[in-house]
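**Student:** In our numbering, the protein residues as written are 63 to 759.
Even for Gly, the Cβ is constructed at its ideal location relative to N, Cα and C.
Everything numeric in this text was worked out from a predicted model, so none of it was measured.
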Amino acid sequence: MRFESRPGRVERIAILLLLALSTGVAPVRADEGEIDTTELAAPQPEAQGRISIRRFVITGNSRFSKEELNQQLQRFVGRNRAKADIEAAREALEIFFREQGYSAATVKVMEPAPGKSVIALDVQENLPKLTAATGQLPKDDKPDEVLAAPVMESLDTEKTTPAIETEKTAQTAPTSEKSPKADDSEFLLEEEPKAETALQSETFTIKGFIIEGTSIFTQEELQNQVKRFCGRGKTAVDVEGARDALERFFHGRGYPAMLVNIPAQSSSNRIFRLDVIENRIGNVLVSGNKWVSTGRIIRDIPSILPGKVLQLKELQNEINAANRNPDFKAIPEMQPGKAPETIDISLKVQDKLPLHGSLELNNRASHDTTALRLNAALRYDNLWQRDHSISVQYQIAPQAPEEVQVVSGSYTLPMFWSRDDKLVVYGVVSNSNTNSAVGYSSLGKGNVIGSRLILPLQGSEGFFHSAVAGFDYKEFSETVGLAGAPGVKTPIRYFPVSASYSAYMRDAGGMTSFTSGFSVLFRGAITDVREVEDKRYKARGNSIVMTAGLERNQQLPGGFSLLAKFDGQLSDQPLISNEQYTAGGVESVRGYRESEASGDNAVHGVIELVAPELLKQASKERFSMTPYIFYEAAHLWVRDPLPEQDSSADLQGIGFGLRGTLLKGLDFQTDLGFPLHENSRTKAGDARLHFKVRYQF
Numbered sequence: 063m064r065f066e067s068r069p070g071r072v073e074r075i076a077i078l079l080l081l082a083l084s085t086g087v088a089p090v091r092a093d094e095g096e097i098d099t100t101e102l103a104a105p106q107p108e109a110q111g112r113i114s115i116r117r118f119v120i121t122g123n124s125r126f127s128k129e130e131l132n133q134q135l136q137r138f139v140g141r142n143r144a145k146a147d148i149e150a151a152r153e154a155l156e157i158f159f160r161e162q163g164y165s166a167a168t169v170k171v172m173e174p175a176p177g178k179s180v181i182a183l184d185v186q187e188n189l190p191k192l193t194a195a196t197g198q199l200p201k202d203d204k205p206d207e208v209l210a211a212p213v214m215e216s217l218d219t220e221k222t223t224p225a226i227e228t229e230k231t232a233q234t235a236p237t238s239e240k241s242p243k244a245d246d247s248e249f250l251l252e253e254e255p256k257a258e259t260a261l262q263s264e265t266f267t268i269k270g271f272i273i274e275g276t277s278i279f280t281q282e283e284l285q286n287q288v289k290r291f292c293g294r295g296k297t298a299v300d301v302e303g304a305r306d307a308l309e310r311f312f313h314g315r316g317y318p319a320m321l322v323n324i325p326a327q328s329s330s331n332r333i334f335r336l337d338v339i340e341n342r343i344g345n346v347l348v349s350g351n352k353w354v355s356t357g358r359i360i361r362d363i364p365s366i367l368p369g370k371v372l373q374l375k376e377l378q379n380e381i382n383a384a385n386r387n388p389d390f391k392a393i394p395e396m397q398p399g400k401a402p403e404t405i406d407i408s409l410k411v412q413d414k415l416p417l418h419g420s421l422e423l424n425n426r427a428s429h430d431t432t433a434l435r436l437n438a439a440l441r442y443d444n445l446w447q448r449d450h451s452i453s454v455q456y457q458i459a460p461q462a463p464e465e466v467q468v469v470s471g472s473y474t475l476p477m478f479w480s481r482d483d484k485l486v487v488y489g490v491v492s493n494s495n496t497n498s499a500v501g502y503s504s505l506g507k508g509n510v511i512g513s514r515l516i517l518p519l520q521g522s523e524g525f526f527h528s529a530v531a532g533f534d535y536k537e538f539s540e541t542v543g544l545a546g547a548p549g550v551k552t553p554i555r556y557f558p559v560s561a562s563y564s565a566y567m568r569d570a571g572g573m574t575s576f577t578s579g580f581s582v583l584f585r586g587a588i589t590d591v592r593e594v595e596d597k598r599y600k601a602r603g604n605s606i607v608m609t610a611g612l613e614r615n616q617q618l619p620g621g622f623s624l625l626a627k628f629d630g631q632l633s634d635q636p637l638i639s640n641e642q643y644t645a646g647g648v649e650s651v652r653g654y655r656e657s658e659a660s661g662d663n664a665v666h667g668v669i670e671l672v673a674p675e676l677l678k679q680a681s682k683e684r685f686s687m688t689p690y691i692f693y694e695a696a697h698l699w700v701r702d703p704l705p706e707q708d709s710s711a712d713l714q715g716i717g718f719g720l721r722g723t724l725l726k727g728l729d730f731q732t733d734l735g736f737p738l739h740e741n742s743r744t745k746a747g748d749a750r751l752h753f754k755v756r757y758q759f
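Shown next, in the form of structure tokens:
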């Protein structure tokens, strides 16, 4: 006997691939309902317009077993049937699919040729297209991890299956069929021609398989998938089982477009050849992009390069990473290739101008300065088509511009070894001139140049962490004295090195975050010990500062949530004022002015009870308002204080606030805080309003 290709057989690869992409499970072949085109025919007319229905052949199904579908159609099989029974069978099958949750499925009767009594029904599952991840953070600030799966349309790749022919014509299929009885309704839908059943019972020996056509996997890996089909007493079913096992192995390893064919061959060889069709990527079409070049898109998604074998996991990861950019979304679709054994990819892109900015007005002012601060920022995120970003910021006191002026800029670029790792280089220039209520003035200028390397670390579902390391060159010059008279200059230059680690853990109840870090200052070279000693009593210029923080956002019944946050700083020696921990203001103990107190060591905590959003449904999310109440406290210590200096400071505040959005891009926050602990500049119980209004695009 010999194996040969059966003419007219076309695998429904599109459905298999779409199932693999949508469920993440290796697809199972769904060709049990294969149609022999010589057998398809119109119902045989009988007396008075009656027909015989011997059986139904169902194609296009990849969701349910033949037995389940047979049960739905068994009642329509038999002689003396009306033509309306065919339509009734079609409707019964559609109803079954819809009851199982596949409301888009349709069934149609295929056009046969006259002379037979086999009815062919074709199922169109109409599976929905898979869309790409949004790239936005889901609830609880979890980075988007939804994988973007491509859309796979039908591939007209023809697969061969073994067909056995005996060498003696006497063993071929019978030339006639037994006519069904008048009341016969027990004909099974899955009944196959007797000749095929007989042929499948022919046995032979399989000594092994020769697998050709792919170099992605080793021969050992491939042979392990088919070795269980070797031995004596095997049939054509075992050869096809080896092919199926090999395909399931490919699909399970993330290669859904790879197929296996059984070429024409004789069973007397006892060694059977299986040909792998890799279906490599042919043409790639990128459309819809306006601001991102096609070259950059291909560079960021290299798994779609022509000539490569589609690897689903790699493609999903690359699409997911690209779609984290809020200005860019890509959805891949796949079609049969124009060239044999290829697939073509169409990448549909939606992008926006990568220019962003913000303008913010707040009252984050310290003592002895005017109340308002105005901040402006501008950022461009696709410089050189290389995912580089450049930004500038400007801060001013609009009521008295000479009091505060700060200009800063930064440049961010991905590292050559990984696009997720970023290098940030920045600079800050500041200028301030303030007068105290007792006649003293302080004139300060400062320059900072620094760099940070940001390294996202390998996480898992619900767990994300990263590390940051870098250095700064800081130069400050301060002149203090009586207003209108020459003052004393205290310049200082130093070079701290720092590193930090942060982790985020999400669970069913909320989000937990943890941060820790350190900063080290080295004496000599840039850091002048004398300048450090002039700036702070008993400071030695080789300080080590440790920082840590822990935060929990817990969801509560009724749409409430509870935020608990604790952080602090610990140093080994007295620090200059620029490196001390400061408390007071909207970021630390509301109810007090900004930087109300400072210390070398400090602990700070806040508890905030957040109510459900207001006006969300009524405004259709155009407006949102979230009320909350809070309690904050901070305790600061000063190492080796001067005789007239307090060795510690306590701040405590309680109050309530409201934050939300107004229209698109406009957000606000207001807090009314009441200080509970009095100091020389703030009385207990005096209410202080903190606010900010920001527009961003």
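From this set, Leu-445, Lys-507, Phe-685 and Trp-446, which residue's C-alpha is nearest Glu-464's C-alpha?
**Tutor:** Nearest C-alpha to Glu-464: Lys-507.
**Student:** Please confirm whether Thr-744 and Leu-720 have their CB atoms less than 9 Å apart.
**Tutor:** No.
**Student:** Note the first and the last residue of the continuous beta strand (DSSP E) segment covering Thr-356.
**Tutor:** Counting along the chain, Thr-356 falls outside any beta strand (DSSP E), though it belongs to the alpha helix (DSSP H) covering 356-362.
**Student:** State yes or no: is the C-beta of Asn-444 within less than 9 Å of the C-beta of Leu-421?
**Tutor:** No. Outside cutoff.
**Student:** If you draw a straight line from the C-alpha of Ala-565 to the C-alpha of Val-559, how long is it?
**Tutor:** The straight-line gap from Cα to Cα measures roughly 21 Å.
**Student:** What runs of the beta strand (DSSP E), each 3 residues or longer, lie entirely inside the segment 302-354?
**Tutor:** Here the runs fully enclosed are 321-323, 333-339 and 342-349.
**Student:** Applying the criterion that 16 or more other CB atoms from any shown protein chain within 10 Å of the CB defines a buried residue, is Leu-155 buried or exposed?
**Tutor:** Leu-155 should be labelled buried.
**Student:** Among Gln-616, Asn-379, Val-169 and Ile-588, which residue has its Cα nearest to the Cα of Asp-570?
**Tutor:** Inspection of the sequence shows that residue 570 is occupied by Ala rather than by Asp. Among Gln-616, Asn-379, Val-169 and Ile-588, the Cα nearest to that of Ala-570 is on Gln-616.
**Student:** Using only CA atoms, which one of Ile-691, Arg-290 and Pro-398 lies nearest to Asn-341?
**Tutor:** Taking only the C-alpha atoms, the option nearest Asn-341 is Pro-398.
**Student:** Relative to the C-alpha of Thr-121, which candidate in Met-608, Ala-146, Gln-133 and Ile-181 has its C-alpha closest?
**Tutor:** Nearest C-alpha to Thr-121: Ile-181.
**Student:** What does a CB cutoff of less than 7 Å around Phe-159 pick up in its chain, not counting 5 residues either side in sequence?
**Tutor:** Ala-167.
**Student:** Determine the DSSP secondary structure at Glu-675, reduced to helix, strand or coil.
**Tutor:** Looking at Glu-675 - three-state DSSP - the assignment turns out to be coil, as it is neither helix nor strand.
**Student:** Is it buried or exposed for Glu-309, if we count other Cβ within 10 angstroms and need 16 for buried?
**Tutor:** Burial call: buried.
**Student:** I need the straight-line Cα distance from Ala-144 to Leu-135, nearest angstrom please.
**Tutor:** The straight-line gap from Cα to Cα measures roughly 15 Å.
**Student:** Using the Cα positions of Gly-314 and Met-320, report the straight-line distance between them to the nearest angstrom.
**Tutor:** Going by the C-alpha atoms only, they are around 11 Å apart.
**Student:** Using the Cα positions of Ser-114 and Val-301, report the straight-line distance between them to the nearest angstrom.
**Tutor:** Answer to the nearest angstrom: the Cα atoms are 36 Å apart.
**Student:** Less than 9 Å between the C-beta atoms of Ser-581 and Val-607, yes or no?
**Tutor:** Their beta carbons are under 9 Å apart, which means Ser-581 touches Val-607 by this criterion.
**Student:** In three-state DSSP terms, what is Gly-747?
**Tutor:** In the structure shown, Gly-747 sits in coil (DSSP, three-state: anything other than H, G, I, E or B).
**Student:** Using a 10 Å radius around the Cβ and a threshold of 16 neighbouring Cβ atoms, would you call Lys-400 buried or exposed?
**Tutor:** So Lys-400 ends up on the exposed side.
**Student:** Sorted by chain position, which residues of the same chain lie with C-beta nearer than 6 Å to Leu-677's C-beta, five sequence neighbours on each side aside?
**Tutor:** The residues are Phe-685 and Met-687.
**Student:** Considering only C-alpha positions, which residue in the set Arg-598, Asn-509, Gly-275 and Arg-655 is nearest to Val-371?
**Tutor:** Ranking Arg-598, Asn-509, Gly-275 and Arg-655 by Cα distance to Val-371 puts Gly-275 first.
**Student:** Between Leu-284, Ile-554 and Glu-161, which lies nearest to Gly-586 when the distance is taken from Cα to Cα?
**Tutor:** Answer by Cα proximity: Ile-554.
**Student:** Taking the alpha carbon of Val-821 as the reference point, which residue from Val-454, Leu-517 and Met-477 has its own alpha carbon closest?
**Tutor:** As displayed, the chain neither begins before 63 nor continues past 759, which places residue 821 out of reach and without an answer.
**Student:** Would you mind reading off the limits of the alpha helix (DSSP H) that contains Asn-132?
**Tutor:** Segment 128-135, the alpha helix (DSSP H) holding Asn-132.
**Student:** What runs of the beta strand (DSSP E), each 3 residues or longer, lie entirely inside the segment 655-725?
**Tutor:** Runs of the beta strand (DSSP E) inside the segment 655-725: 659-661, 663-672, 685-699 and 710-724.
**Student:** Between Glu-264, Ala-307 and Lys-296, which has its C-alpha nearest Gln-285's C-alpha?
**Tutor:** Closest option to Gln-285, Cα to Cα, is Ala-307.
**Student:** Please determine, among Gly-344, Phe-279, Arg-125 and Thr-267, the residue with the shortest C-alpha to C-alpha distance to Lys-296.
**Tutor:** Taking only the C-alpha atoms, the option nearest Lys-296 is Thr-267.
**Student:** Could you check whether the segment 630-640 touches the segment 727-742, counting it as contact only if at least three pairs of C-beta atoms, one from each stretch, sit closer than 8 Å?
**Tutor:** With a cut-off of 8 Å, the segment 727-742 and the segment 630-640 do not count as touching, because too few Cβ pairs lie within range.
**Student:** Can you tell which of Gly-369, Val-139, Arg-125 and Ile-148 has the C-alpha that lies nearest to the C-alpha of Gln-162?
**Tutor:** Nearest of Gly-369, Val-139, Arg-125 and Ile-148 to Gln-162, Cα basis: Arg-125.
**Student:** Residue range of the beta strand (DSSP E) that Arg-117 falls in?
**Tutor:** First-last of the beta strand (DSSP E) with Arg-117: 117-121.
**Student:** Helix, strand or coil for Glu-403? Go by DSSP, reduced to three states.
**Tutor:** It is coil, neither helix nor strand.
**Student:** Taking all protein chains shown into account, do 16 or more other C-beta atoms lie within 10 angstroms of the C-beta of Ser-709, making it buried, or fewer, making it exposed?
**Tutor:** Counting Cβ neighbours within 10 Å, Ser-709 comes out exposed, since fewer than 16 surround it.
**Student:** Compute the beta-carbon to beta-carbon distance between Ala-383 and Ile-359, rounded to the nearest angstrom, for a pair I have assumed lies under 8 Å.
**Tutor:** That belief does not hold up - the Cβ atoms of Ala-383 and Ile-359 are roughly 12 Å apart, past 8 Å.
**Student:** Less than 6 Å between C-beta atoms, sequence neighbours within five positions excluded: which residues of the same chain meet that for Leu-347?
**Tutor:** Closer than 6 Å at Cβ, skipping near neighbours: Ser-408.
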